[in-house]
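Residue numbers (full-length UniProt numbering): 1 to 310.
Backbone N, C-alpha and C define an ideal beta-carbon position, used for all residues, glycine too.
Before any comments, here is the structure.
Listed below in structure tokens is the structure:
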């Protein structure tokens, strides 16, 4: 299939075709004795993912595990649908996200407040998953991939309080979710993802340091794709976080409201990203995945918790 790319080590990248676009959100199949899907994409992407797995020989009864790095709808919105399509699969998530997969009502209500009329088009509705199907992870955990191969889970908050990174014992691949930001393979840009309400700078930097300490051979971004230059990209990830926080702090100290703070930060960061100087569609995708309004709002929310009042 056109949306399936072999990456070596029995790992396959699946373009989930979020909202009908290519190159927005990736899922990954680890194809072994116990096939494992990392990230489902959105609810509307579930049929796309099912068909991709079928093209790789993984039928309804074959998928052993579905694991998500966190429960945001672009990563886990399809969990309920995929669980229904693959009834033998165990669903793995951090313990702080598990209850939202069982009862998605609060998560969907929150998403509706953020996305409004765009919610159905971009994400669809997260269907509930039976609690008995879910394995909730603590700070660390291990997923059996068969033949002694494992996927080790490491708690990595900062972007979200229910976020984990996952490292493959065979390939050294590290599935970074959103904890290292959003990568644009077309341009090589890396931009932070700092949405409200969970963003915390020191926690996020700690998660990036943890990723460095794990010594991965390759980073697999949910947005988007594989990156081999691990050290440089993780260093850039931390740098981008500091740049955005420093600029947002400046806007806050000047008493700017959210709209004016977004305009200032957007203007002062635009030269950092080739995507914003290129094709309109690439820039649009970048803004969708790591929009300046969401990033600045998340940083301001954190600053209001940790700093003295303005």
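So the alpha helix (DSSP H) residue 109 belongs to, where does it begin and stop?
Here the alpha helix (DSSP H) through residue 109 covers 105-115.
How many Å lie between residue 274 and residue 185 at the Cα?
Cα to Cα, residue 274 sits roughly 11 angstroms from residue 185.
Suppose you measure from the CA of residue 195 to the CA of residue 292; what does that come to, to the nearest Å?
Taking the straight line from one Cα to the other gives about 9 angstroms.
Which word fits residue 284, buried or exposed, when buried means at least 16 other C-beta atoms lie within 10 angstroms of its C-beta?
It is exposed - the Cβ of residue 284 has fewer than 16 other Cβ atoms within 10 Å.
Spatial neighbours of residue 23 within its chain, please: CB distance less than 6 angstroms, with the 5 preceding and 5 following residues excluded, ordered by chain position.
If we look at residue 23 and ignore the five residues flanking it on each side, its Cβ neighbours are 224.
Starting from the Cα of residue 30, find the closest Cα among 245, 173 and 232 and give me that residue.
It is 173.
From this set, 300, 100 and 288, which residue's C-alpha is nearest residue 265's C-alpha?
Residue 300 is the option with its Cα nearest to residue 265.
Decide if the segment 118-127 is in contact with the segment 141-150; the criterion is three or more beta carbon pairs, one per stretch, under 8 angstroms apart.
The segment 118-127 vs the segment 141-150: no contact.
Name the DSSP beta bridge partners of residue 13, please?
DSSP lists 5 and 28 as partners of residue 13.
With a Cβ-Cβ cutoff of 8 angstroms, do residue 315 and residue 158 count as a contact?
With the chain covering only 1 through 310, there is no way to say anything about residue 315.
Where does the unbroken alpha helix (DSSP H) through residue 100 begin, and where does it stop?
Run containing residue 100: 95-102, per the alpha helix (DSSP H) assignment.
Given a cut-off of 8 angstroms on the beta-carbon distance, is the pair residue 36 and residue 64 in contact?
A contact, by the Cβ cut-off of 8 angstroms.
Using a threshold of 8 angstroms, state whether the C-beta atoms of residue 177 and residue 165 are closer than that.
Yes; because the gap between Cβ atoms is below 8 angstroms, this pair is in contact.
Pick out whichever of 163, 229 and 175 has its Cα sitting closest to the Cα of residue 198.
Checked all of 163, 229 and 175; the closest Cα to residue 198 is 163.
In angstroms with no decimal places, state the Cα-to-Cα distance between residue 106 and residue 303.
The alpha-carbon atoms of residue 106 and residue 303 are separated by roughly 25 angstroms.
Would you be able to state if there are at least three C-beta pairs under 8 angstroms between the segment 67-85 and the segment 124-139?
The segment 124-139, when compared against the segment 67-85, does touch it at the 8 angstroms Cβ threshold.
If we ignore side chains and look at the alpha-carbon of each, how far apart do residue 307 and residue 240 end up?
Going from the Cα of residue 307 to the Cα of residue 240 covers about 21 angstroms.
Taking C-alpha atoms, which residue in 297, 68 and 9 lies nearest to residue 156?
Answer by Cα proximity: 68.
Is the separation between the beta-carbon of residue 4 and that of residue 45 shorter than 8 angstroms?
No, the Cβ-Cβ distance between residue 4 and residue 45 is not below 8 angstroms.
Measuring only the C-alpha atoms, how far is residue 72 from residue 286?
Distance between the alpha carbons of residue 72 and residue 286 is about 17 angstroms.
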